[in-house]
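Notes for the one structure printed next.
Residue numbers (this note's numbering): 1109 to 1312.
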């Protein structure tokens, strides 16, 4: 794709976190951005239990979440996720180059599902480190949203506890532990969009 070629050309001489790399996203229509965040049962080879997708429609953020009621639904969730992707799609993630996209590709391969996920990909973590690392304690998503937007997740479930909450649900059949996982993922998606927008304001 044209954007991929431009990014490849820029990053021959400049770091991948350089503002010029982010600026190439301005060549895209907002509707092409597919913001992705996943929740899993642990390290690679373990199932994805929730795939969150956000789209920017006009001035609104449309979130869709594919949550597994049981592990056997993972192939269906992956296929549903792929329905959001077309030839014009551009990925936006937070640490997704190292985690989310490789994880999704591994799970697709496990089920023999093929799809071309080689799209332009803007990993907001790397740009955020360049933009704000001097002014905040760390560049975790929750830290960024607190310092940039005043968002304080009072009852948020830590990502490390997601597997425990989900396994409690599987054992008990009680859906109560699922809600914090869904809310955590949705807030991640919304914050991703907001940080992406703020970076454009800072570097635009």
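The C-beta atom is built at its ideal place from N, Cα and C for all residues, glycine as well. Every value quoted in this text rests on a predicted model; they were computed, and no experiment measured them.
Beta-carbon proximity list for residue i, same chain, < 6 Å, skipping 5 on both sides
{"i": "residue 1179", "result": "1155"}
{"i": "residue 1285", "result": "1273, 1276, 1277"}
{"i": "residue 1183", "result": "1219"}
{"i": "residue 1160", "result": "1145, 1173, 1293, 1297"}
N- and C-terminal bounds of the alpha helix (DSSP H) containing residue i
{"i": "residue 1212", "result": "1208-1218"}
{"i": "residue 1308", "result": "1286-1311"}
{"i": "residue 1273", "result": "1270-1280"}
{"i": "residue 1250", "result": "1249-1257"}
{"i": "residue 1135", "result": "First-last for residue 1135: undefined, no H or E at that position."}
{"i": "residue 1225", "result": "No alpha helix (DSSP H) contains residue 1225, which DSSP labels as neither H nor E."}
{"i": "residue 1122", "result": "No alpha helix (DSSP H) contains residue 1122, which DSSP labels as neither H nor E."}
{"i": "residue 1242", "result": "Looking at the DSSP string, residue 1242 is not in any alpha helix (DSSP H), and its letter there is neither H nor E."}
{"i": "residue 1182", "result": "1182-1190"}
Residues near residue i in its chain [Cβ-Cβ closer than 8 Å; skip 5 each side]
{"i": "residue 1111", "result": "1132, 1133, 1135, 1136, 1198, 1228"}
{"i": "residue 1125", "result": "1234, 1235, 1237, 1238"}
{"i": "residue 1244", "result": "1251, 1252, 1255"}
{"i": "residue 1193", "result": "1142, 1223, 1225, 1227"}
{"i": "residue 1130", "result": "1230, 1235, 1307, 1308, 1311"}
{"i": "residue 1215", "result": "1155, 1156, 1182, 1186"}
{"i": "residue 1209", "result": "1144, 1199, 1201, 1225, 1229"}
Residues that DSSP places opposite residue i in a beta bridge
{"i": "residue 1147", "result": "1158"}
{"i": "residue 1230", "result": "1200"}
{"i": "residue 1142", "result": "1163, 1199"}
Cβ of residue i within 8 Å of any chain B Cβ
{"i": "residue 1177", "result": "Going by chain labels, chain B is absent from the structure shown, which holds only one protein chain."}
Start-to-end residues for the beta strand (DSSP E) that takes in residue i
{"i": "residue 1170", "result": "1168-1175"}
{"i": "residue 1199", "result": "1198-1201"}
Other residues of its chain near residue i: CB distance less than 7 Å, five sequence neighbours each side excluded
{"i": "residue 1149", "result": "1155, 1157, 1271, 1274"}
{"i": "residue 1289", "result": "1147, 1158, 1265, 1270, 1273, 1274"}
{"i": "residue 1241", "result": "1247"}
{"i": "residue 1261", "result": "1250, 1295"}
{"i": "residue 1205", "result": "1229, 1231"}
{"i": "residue 1140", "result": "1196, 1197, 1198"}
{"i": "residue 1283", "result": "1277"}
{"i": "residue 1189", "result": "1159, 1161, 1174"}
C-beta atoms of residue i and residue j nearer than 8 Å
{"i": "residue 1221", "j": "residue 1191", "result": "no"}
{"i": "residue 1145", "j": "residue 1307", "result": "no"}
{"i": "residue 1298", "j": "residue 1212", "result": "no"}
{"i": "residue 1257", "j": "residue 1196", "result": "no"}
{"i": "residue 1311", "j": "residue 1127", "result": "yes"}
{"i": "residue 1232", "j": "residue 1202", "result": "yes"}
{"i": "residue 1164", "j": "residue 1138", "result": "yes"}
Check whether the segment 1166-1176 and the segment 1281-1299 are in contact - that is, three or more C-beta pairs closer than 8 Å. yes
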